[in-house]
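Numbering (this note's numbering), first residue to last: 6 to 116.
Reviewing the structure listed below.
Structure below.
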């Protein structure tokens, strides 16, 4: 139940007319959110925390981290193409070419 806050949306605010089930769900979700936030913040180095939201729910923090550290597939393609174009034939076969072509094919780049 620790990942409850990551898998479900935040429940509505409690009111006087809230049922016991709604109160239990709200308490469980809040506990899960608190634990997730603590574990995420503890696992991130201090100098990397700059710029991340401080007053948010765990799902929002996960989204912010995902957006901040998204890796572009174009960067991968560019670096693999550069390696491919800089390879010099050494007389020992073409295994490296095959591996790089396979990686490029996996990234949907045709040569």
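Ideal placement from N, C-alpha and C gives every residue a C-beta, glycine not left out.
Integer-rounded CB distance, given that residue j should sit under 8 Å from residue i
i          : j           : result
residue 42 : residue 63  : 5 Å
residue 85 : residue 113 : Contact flag wrong, Cβ pair sits at about 12 Å.
Residue i versus the options, residue with shortest Cα-Cα distance
i          : options            : result
residue 81 : 99, 57, 111 and 7  : 111
residue 11 : 21, 52 and 33      : 33
residue 66 : 39, 16, 18 and 101 : 39
residue 59 : 14, 50, 46 and 22  : 46
residue 90 : 106, 73 and 17     : 106
residue 13 : 35, 19 and 23      : 35
Helix, strand or coil at residue i [DSSP, three-state]
i           : result
residue 115 : coil
residue 110 : helix
residue 61  : coil
residue 36  : helix
residue 19  : coil
residue 74  : coil
residue 24  : coil
residue 82  : helix
CB of residue i within 8 Å of CB of residue j, strictly
i          : j         : result
residue 44 : residue 6 : no
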